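If you count the first sequence from 1, position 333 lands on 332 in numbering that gives the first Met the number 0, and the numbers rise without skipping. C-beta atoms are modelled at their ideal positions from N, C-alpha and C, and glycine is treated no differently. Bear in mind that the values here come from a model prediction, so they are computed numbers and not experimental data.
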Amino acid sequence: MKEKGKNFIEAIIERDIAEGFPVEDLRFRFPPEPNGHLHIGHIKAIVLNFSLGKKYKAPVNLRFDDTNPTKEDARYLDEIKKDIKWLGYNWDKECYASDYFEQLYQWAHLLIDKGLAYVDSQNSDQIAFQKGSPSKPGIESKDRNRSIEENKRLFTQMREGRFRAGTYVLRARLSMESPNMLLRDPIIYRIIYSDHPKTKDRWCIYPMYDWTHGQSDYIEGISHSLCSLEFMPHRALYTIFLTAILPQKRDIPFQREFSRLNVAYSVTSKREIKKLISLGIVDGWDDPRLHTICALRRKGYTPDSLKRFVELAGVSKRRKVIGLELLEYCIREDLNRCAQRVMAVIRPVKLRIVNYLQNKKEPILIEKNPQNPNDGKQKVNFSDTLYIERTDFQENPTANFYRLSIGRQVRLKGAYIIKAESVIKDRDGRIIEIRCIYYPDSKSGMATDTSSTYKVKATIHWLSVDDAVDAKVQIFDRLLLEDDLEKLKETDFKKLINPDSKKVLPIKIEKSLTSAVEGEQFQFLRMGYFTADKGFSPRNLVFNKTATLRDSYKP
RNA sequence: UGGCCCAUGGUGUAACUGGCAACACGUCUGAUUUUGGUUCAGAAGAGUCUAGGUUCGAUCCCUAGUGGGCCAACCA
């Protein structure tokens, strides 16, 4: 059978293998910078690398790209590891670019020896100015032809901490005319006096990304270095540096780029997320309106649903935005399979059954999950006074509405068929109680063939008032009004925030739900999937809405 | 005015070394259903950015154009 859906990265690897690359030498890595939490875009890179690892039985390293101590923080290290583990992946080695600082430093000396690097004493503005523009060649630095001896002396002194930050940088001596701006003598070392999470104060010069990544891949024996499209222009540097420092051209890993996952109405830039947090627009990195891994987890997305999403989204080099529907589909698919059904009423209105015995409690059995009959049934008490959804009753029903209304009947899930007779309203005309009668012979599961007699078009869920417990539900909507964050200037930032992105509603839940635990997931019958929020306890009954059910009812 | 990358139904991806476009989501029917859910059956919807070229034949190869993206941080 022809293998379908193979993405272009896999195709490249297959081709390499076919051309003689030993399968056992395959090795991948996921290289996050510890400067924030992982988000949905990273999931793509994680899944891509780890599933390649799984497919070819190749190790996958976790490597922290920790070359900039001013932006990074040790606390993100654990968060990142936690998120990857939560997704269900185990890395082979836990590596740090900082482990290679000494080697990188030695290689830099080698580069100087080869006349391919020099110490520049100009400031950042001068260097930037001299770069020119894509269509205009740059100007060579006055220090470009410094002697090798002097370069080595200065570079050594940089490392020894003899200079203030910003006074010197080490630059690769490549080409000031290259159409690839990155090749116009890129800076590869800068002076930073800032404690590093791992190396503390041992270093005051730090290598730049381009001087670090390829070499790190090489040290770890990575065969295929996968990164997102924006690194494409860096590929030239990746190869140039590696060929410059290595004795022979064998075993050089290579970089391949794929398009990052852009999700509609989603903020994934760490900078923007930090801004949202500092402005108080969201509550933190795990605010369920965000698409960080911790936020998705808190909202109730499962690892399987997320992996499936990435898988369905595919891998390509096109820069496109994928809609939220697919994500929703994936979580519904997963939760439909495993979430227990419970009855909860989000917008309660009282319903009284006038011909049902007062104070009577009648146990009713309801399937925990119709997808898995083996899960068994749960017991709920039926009585004469219930809560139902306000939206399940219409005084003047529209044509396509077939739930409850005066003179009409519906089935109460798992119990009896009722007929609405009248409503009681408050002074403002708002319905406070719906009065019904029930048909004793219509009980769910009864042998009597009453279904045709009563002609019911809908089944609604309910909760006995006496058994209902007050709880809260948090309902989220898209955070952004505008799909394209880039379109708006900073000053307009607040204008693109959806003011109704979060609603907290008081709801009624079954008593049994009070013993749920944080992260436990349910289907509130007919209402959607909900997840017990972090900090959930009998004294803090808060659920997050994970996803809505599909609904073909169009009001 | 430079270089590189991309261009397929509404959306995201497929189509082996060229053989008249497939899958998923979404949409719409119908059946089943004690969730307007699930499941099942089916439908609509693109002639592959444009113009040339090569070829018996092009989504695929070539050229030019158009549109979009990336690159000029002591960020990664």
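Just verifying my parser: in three-state terms, what is the DSSP assignment at leucine 540? By 1-based counting over the first sequence, the position of residue 540 is 541. DSSP places leucine 540 in coil when its eight states are reduced to three.
Whole angstroms are fine: how far does the CA of valine 118 sit from the CA of leucine 153? Reading the first sequence from its first residue, position 154 is the one you call residue 153. Reading the first sequence from its first residue, position 119 is the one you call residue 118. Going by C-alpha positions, leucine 153 is about 7 Å away from valine 118.
Tryptophan 461 and tyrosine 386 look like a contact to me (Cβ under 8 Å); what is the Cβ gap, rounded to whole Å? Looking up residue 461 in the first sequence gives position 462. Looking up residue 386 in the first sequence gives position 387. Contact flag correct, Cβ pair sits at about 7 Å.
C-alpha gap between tyrosine 55 and proline 21, whole angstroms: If you number the first sequence from 1, residue 55 lands on position 56. If you number the first sequence from 1, residue 21 lands on position 22. So the two alpha carbons sit approximately 11 Å from each other.
Indicate whether lysine 197 and aspartate 64 have their beta-carbon atoms separated by less than 8 Å. Locating residue 197 in the first sequence gives position 198, where the first residue counts as 1. Locating residue 64 in the first sequence gives position 65, where the first residue counts as 1. Not closer than 8 Å, so no.
Any idea if threonine 242 is buried or exposed, counting beta-carbon neighbours within 10 angstroms, 16 or more meaning buried? Taking the first sequence and counting its residues from 1, the one referred to as residue 242 is at position 243. By the neighbour-count criterion, in which 16 or more other beta carbons inside 10 Å mark a residue as buried, threonine 242 falls on the exposed side.
Tell me which same chain residues have a C-beta within less than 6 Å of the C-beta of asparagine 6, skipping the five on either side of it? The residue you call residue 6 lines up with position 7 of the first sequence. Its chain contains Val314 as the residues whose beta carbon lies nearer than 6 Å to that of asparagine 6, once the 5 sequence neighbours on both sides are disregarded; these appear in chain order.
Can you say whether methionine 180 is buried or exposed, counting buried as having 16 or more other CB atoms within 10 angstroms of its CB? Within the first sequence, residue 180 is the residue found at index 181, counting from 1. By the 16-neighbour rule on beta-carbons within 10 angstroms, methionine 180 is exposed.
Which complete alpha helix (DSSP H) runs does the stretch 278 to 339 hold, if anything under 4 residues is left out? Note on the stretch 278 to 339: whole alpha helix (DSSP H) runs with a minimum of 4 residues are 292 to 298, 302 to 312 and 323 to 337, in chain order.
Cβ of serine 441 within 8 Å of Cβ of tyrosine 453? Within the first sequence, the letter at position 442 stands for residue 441. Within the first sequence, the letter at position 454 stands for residue 453. For serine 441 and tyrosine 453, yes; Cβs fall inside 8 Å.
Helix, strand or coil: which one does DSSP assign to asparagine 48? Working through the first sequence from its first residue, we reach residue 48 at position 49. Shown here, asparagine 48 sits in a helix according to DSSP, grouped into three states.
Sheet register partners of proline 561 (DSSP bridge): Examination of residue 561 is not possible in this model, given that the chain is present from 0 through 554 alone.
Give a yes or no on whether the C-beta atoms belonging to lysine 412 and isoleucine 459 are separated by under 8 Å. Position 413 of the first sequence, counted from the first residue, corresponds to residue 412. Position 460 of the first sequence, counted from the first residue, corresponds to residue 459. By the CB criterion at 8 Å, lysine 412 and isoleucine 459 fall inside the cutoff.
Which of helix, strand or coil DSSP assigns to lysine 269: Mapped onto the first sequence, residue 269 falls at position 270. Helix, per DSSP.
Delimiting residues of the beta strand (DSSP E) encompassing serine 227: The residue you call residue 227 lines up with position 228 of the first sequence. Under the DSSP assignment, serine 227 falls in the beta strand (DSSP E) whose first and last residues are 223 to 227.
Is it buried or exposed for phenylalanine 128, if we count other Cβ within 10 angstroms and need 16 for buried? In the first sequence, the residue the question calls residue 128 occupies position 129. Classification for phenylalanine 128: exposed.
Please report the distance separating the alpha-carbon of serine 132 from that of threonine 267. Counting from one through the first sequence, the residue named residue 132 turns up at place 133. Counting from one through the first sequence, the residue named residue 267 turns up at place 268. Taking the straight line from one Cα to the other gives about 30 Å.
Let me make sure I understand the geometry here. Which of Tyr104, Tyr205, Phe240 and Ser258 has the alpha-carbon closest to that of methionine 231? Residue 231 sits at position 232 when you count from the first residue of the first sequence. When each option's Cα is compared against that of methionine 231, the closest is Ser258.
How close, in whole Å, do the beta carbons of valine 612 and isoleucine 430 come, if the pair is a contact with beta carbons under 8 Å? There is no way to answer for residue 612, as the model of the chain reaches only from 0 to 554.
Bridge partner(s) assigned by DSSP for arginine 549: The residue labelled residue 549 in the question sits at position 550 within the first sequence. The partner list for arginine 549 (beta bridge, DSSP) is empty, contrary to what the question assumes.
Measuring alpha carbon to alpha carbon, tell me which residue in Thr547, Val503 and Asn380 is nearest glutamate 509. Position 510 of the first sequence, counted from the start, is the residue given in the question as residue 509. Minimum Cα distance to glutamate 509 is reached at Asn380.
Given a threshold of 16 other Cβ atoms within 10 Å of its Cβ, counted over all protein chains shown, does valine 281 qualify as buried or as exposed? Residue 281 sits at position 282 when you count from the first residue of the first sequence. In summary, valine 281 is buried, with 16 or more beta-carbon neighbours lying within 10 Å of its beta-carbon over all protein chains present.
Between which two residues does the alpha helix (DSSP H) containing alanine 73 stretch? Sequence index remark: in the first sequence, residue 73 carries index 74 (1-based). Alanine 73 -> alpha helix (DSSP H) spans 73 to 86.
Please state if the CB of lysine 349 and the CB of valine 503 are separated by a distance shorter than 8 Å. Along the first sequence, read from residue 1 onward, the residue named residue 503 stands at position 504. Along the first sequence, read from residue 1 onward, the residue named residue 349 stands at position 350. By the CB criterion at 8 Å, valine 503 and lysine 349 fall outside the cutoff.
State the CB to CB distance for the pair aspartate 383 and lysine 359, rounded to an integer number of angstroms; the pair is presumed to be in contact (CB under 8 Å). On the first sequence, position 384 is the one that residue 383 refers to. On the first sequence, position 360 is the one that residue 359 refers to. Rounded, the Cβ-Cβ distance is 7 Å, consistent with contact.
What residue does the beta strand (DSSP E) around glycine 527 start on, and which one ends it? Reading the first sequence from its first residue, position 528 is the one you call residue 527. Counting along the chain, the beta strand (DSSP E) containing glycine 527 begins and ends at 527 to 531.
Going straight from the alpha carbon of leucine 228 to that of aspartate 466, what length do you get? One-based indexing of the first sequence puts residue 228 at position 229. One-based indexing of the first sequence puts residue 466 at position 467. Going by the C-alpha atoms only, they are around 56 Å apart.
Taking all protein chains shown into account, decide if valine 168 is buried (16 or more other Cβ within 10 angstroms of its Cβ) or exposed. Here residue 168 is taken as the residue at index 169 of the first sequence, counted from 1. Residue burial is scored here from C-beta neighbours: valine 168 has at least 16 other C-beta atoms within 10 angstroms and is therefore classed as buried.
Between the stretch 97 to 112 and the stretch 75 to 88, can you find at least three pairs of beta-carbon atoms closer than 8 Å? Cβ pair count under 8 Å is below three, so no.
Measuring only the C-alpha atoms, how far is threonine 545 from glycine 299? Counting from 1 along the first sequence, the entry for residue 545 is found at position 546. Counting from 1 along the first sequence, the entry for residue 299 is found at position 300. Straight-line measurement puts the Cα of glycine 299 at about 5 Å from the Cα of threonine 545.
Inter-residue spacing [alpha-carbon to alpha-carbon] between proline 206 and glutamine 247: Walking along the first sequence from the start, residue 206 turns up at place 207. Walking along the first sequence from the start, residue 247 turns up at place 248. When only Cα atoms are considered, proline 206 and glutamine 247 end up about 23 Å apart.
DSSP state of isoleucine 557, grouped into three classes? Residue 557 lies beyond the stretch modelled for the chain, which goes from 0 to 554, so this question has no answer here.
Does the beta-carbon of proline 347 have 16 or more other beta-carbons within 10 angstroms, so that it is buried, or is it exposed? Counting from 1 along the first sequence, the entry for residue 347 is found at position 348. Counting of Cβ neighbours within 10 angstroms places proline 347 among the buried residues, the total reaching 16 or more.
By Cβ distance, which residues of its chain are closer than 6 Å to alanine 73, with the 5 residues on each side in sequence left out? Counted from its first residue, the first sequence places residue 73 at position 74. Correct list, in chain order: Pro196.
Is the Cβ-Cβ distance between leucine 25 and serine 222 less than 8 Å? For the purposes of this step, residue 25 is identified with residue 26 of the first sequence, where counting begins at 1. For the purposes of this step, residue 222 is identified with residue 223 of the first sequence, where counting begins at 1. With respect to serine 222, leucine 25 sits close: the two C-beta atoms are nearer than 8 Å.
Methionine 366: first and last residue of the uninterrupted beta strand (DSSP E) it sits in: As a working mapping, residue 366 is identified with position 367 in the first sequence. Here residue 366 turns out to be glutamate, not methionine, going by the sequence shown. First-last of the beta strand (DSSP E) with glutamate 366: 361 to 366.
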